[in-house]
Amino acid sequence: MLLRTSATAASDFRVLTTWPFQSRISDHSYIYIIQDKVYLAPSLLPEPTIYWPPSSSSKSESPKEPQEGVILKHRFAKTYRHPTLNASLTSTRLTFEARALNRAAKAGVVVPKVLWVDDKGGVIGMEKVEGWSVREVLGGGAEGEVEVVEDEPEEEVEGGPGQAKEVEELDDEEEQNEGMVALRKLGVSQEHLMRSIGTALARLHKTTIIHGDLTTSNIMVRLTPNGTEPYEIVLIDFGLSSTAQFAESYAVDLYVLERAFASTHPKSGKLHAKVLEAYEEELGEKKWKPIGLKLKDVRLRGRKRDMTG
Numbered sequence: 001m002l003l004r005t006s007a008t009a010a011s012d013f014r015v016l017t018t019w020p021f022q023s024r025i026s027d028h029s030y031i032y033i034i035q036d037k038v039y040l041a042p043s044l045l046p047e048p049t050i051y052w053p054p055s056s057s058s059k060s061e062s063p064k065e066p067q068e069g070v071i072l073k074h075r076f077a078k079t080y081r082h083p084t085l086n087a088s089l090t091s092t093r094l095t096f097e098a099r100a101l102n103r104a105a106k107a108g109v110v111v112p113k114v115l116w117v118d119d120k121g122g123v124i125g126m127e128k129v130e131g132w133s134v135r136e137v138l139g140g141g142a143e144g145e146v147e148v149v150e151d152e153p154e155e156e157v158e159g160g161p162g163q164a165k166e167v168e169e170l171d172d173e174e175e176q177n178e179g180m181v182a183l184r185k186l187g188v189s190q191e192h193l194m195r196s197i198g199t200a201l202a203r204l205h206k207t208t209i210i211h212g213d214l215t216t217s218n219i220m221v222r223l224t225p226n227g228t229e230p231y232e233i234v235l236i237d238f239g240l241s242s243t244a245q246f247a248e249s250y251a252v253d254l255y256v257l258e259r260a261f262a263s264t265h266p267k268s269g270k271l272h273a274k275v276l277e278a279y280e281e282e283l284g285e286k287k288w289k290p291i292g293l294k295l296k297d298v299r300l301r302g303r304k305r306d307m308t309g
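All letters in the sequence shown, in the order written, are residues 1 to 309 by full-length UniProt numbering.
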């Protein structure tokens, strides 16, 4: 059965309407993302609405099995909302997420490909990214494990060329994960990885898109054997994304990532300095200066909030 697709989605994004897609859903070989978690159980999703528009081409051509994996992200209806309001908010939020992904991709930011959108049903189909999250690469544990948040304040580091201190290497035990081992075999250092993250974030912010949930779990590393670089940074989960024109919004985005490093990777506090260093270089001094000043203010507010509870 095929998930129903809307006219809005069809006009902006490629819609999968092939029988292999139908069979793949039927045999439950897709992965579902539900409330920021990944499940393999198909019973967690309601029965999709059937929609199969007839076309002359579909009768004459035998569809090919898709080569890429697909992830279905479903936004559940909020029962505490009025159905009409819930449908409107879900459609708006889902459409914006898909358009943000499409806009970021056009700007050179590597994000999952949007395959189709069902704004009425609250489902978006995206490319399944093969690789590791930065959390896994830095030894923060596999996705789904409980994160241990450290209450100790992290040493403040500021971005900018020449300001970042030498990056700390993680313990040997933490380095022994599949992602880090693969990168080291390719000659990729942690410093190079952090700089790639900073460059990717700067390119995203150049489009005026705010990610809204920048954590090391939402930044992935994908190997590119046939590319000019051995790997690429993939930003995922734009469910809380928005657009902004003020420096503070971008500073908050960076601060969220900084706190993610401090909580999930307490031994890698200086890594974020390399992220900011590359971020500034990609963004340019003129655009970075107001963001850097606001980032200092956001840090102060965050620490005051921690002290007062």
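Here a beta-carbon is modelled for each residue, glycine too, at the ideal position from N, C-alpha and C.
Please confirm if residue i has its CB atom under 9 Å from at least one CB of chain D.
{"i": "glycine 131", "result": "The question asks about chain D, but that chain is absent: this structure has only one protein chain."}
Classify residue i as buried or exposed, calling it buried when 16 or more other Cβ atoms lie within 10 Å of its own Cβ.
{"i": "glutamine 245", "result": "exposed"}
{"i": "histidine 82", "result": "exposed"}
{"i": "threonine 84", "result": "exposed"}
{"i": "glycine 139", "result": "buried"}
{"i": "histidine 74", "result": "buried"}
{"i": "glutamate 229", "result": "exposed"}
{"i": "threonine 224", "result": "exposed"}
{"i": "asparagine 218", "result": "buried"}
{"i": "arginine 135", "result": "buried"}
Between residue i and the rest of its own chain, which residues show a CB-CB distance below 6 Å, the 5 nearest in sequence each way excluded?
{"i": "glutamate 248", "result": "Lys294"}
{"i": "threonine 95", "result": "Asp119"}
{"i": "lysine 206", "result": "none"}
State the CB to CB distance for the pair residue i and residue j, rounded to an integer number of angstroms; the pair is presumed to be in contact (CB under 8 Å).
{"i": "valine 298", "j": "valine 252", "result": "6 Å"}
{"i": "glycine 212", "j": "leucine 240", "result": "3 Å"}
{"i": "glutamate 200", "j": "leucine 283", "result": "The displayed chain sequence assigns alanine, not glutamate, to residue 200. No, alanine 200 and leucine 283 are not in contact; Cβ-Cβ is about 12 Å, not under 8 Å."}
Taking DSSP as the reference, what is the three-state secondary structure of residue i?
{"i": "lysine 59", "result": "Caution applies to lysine 59, whose pLDDT of 48 falls short of 50 and renders its modelled position unreliable; the value that the coordinates give is listed next. Three-state result, lysine 59: helix."}
{"i": "glycine 179", "result": "helix"}
{"i": "lysine 113", "result": "coil"}
{"i": "arginine 203", "result": "helix"}
{"i": "valine 188", "result": "coil"}
{"i": "leucine 240", "result": "coil"}
{"i": "tyrosine 250", "result": "helix"}
{"i": "glycine 284", "result": "coil"}
{"i": "aspartate 297", "result": "helix"}
{"i": "glutamate 130", "result": "coil"}
{"i": "glycine 292", "result": "helix"}
{"i": "lysine 270", "result": "coil"}
{"i": "glutamate 232", "result": "strand"}
{"i": "lysine 78", "result": "coil"}
{"i": "lysine 120", "result": "coil"}
{"i": "residue 353", "result": "Within the shown structure, residues of the chain are numbered from 1 to 309, placing residue 353 beyond reach of any answer."}
{"i": "leucine 223", "result": "strand"}
Closer than 7 Å by C-beta to residue i: which residues in its own chain qualify, once you throw out the five before and the five after it? Chain order, please.
{"i": "threonine 208", "result": "Thr243, Ala244, Gln245"}
{"i": "valine 129", "result": "Pro112, Met220, Arg222, Val234, Ile236"}
{"i": "asparagine 86", "result": "Ala77, Lys78"}
{"i": "alanine 100", "result": "Ile209, Phe238, Ser241"}
Which same chain residues, not among the five before or five after residue i, have their C-beta less than 8 Å away from its C-beta?
{"i": "glycine 302", "result": "Tyr255, Arg259"}
With a Cβ-Cβ cutoff of 9 Å, do residue i and residue j count as a contact?
{"i": "valine 221", "j": "glycine 131", "result": "yes"}
{"i": "leucine 271", "j": "methionine 194", "result": "yes"}
{"i": "valine 117", "j": "valine 123", "result": "yes"}
{"i": "leucine 204", "j": "alanine 104", "result": "yes"}
Using only the heavy atoms of the ligand COA, determine whether one of them is closer than 8 Å to the beta carbon of residue i.
{"i": "tyrosine 231", "result": "Among the ligands in the structure shown, none appear at all, so the ligand COA cannot be discussed."}
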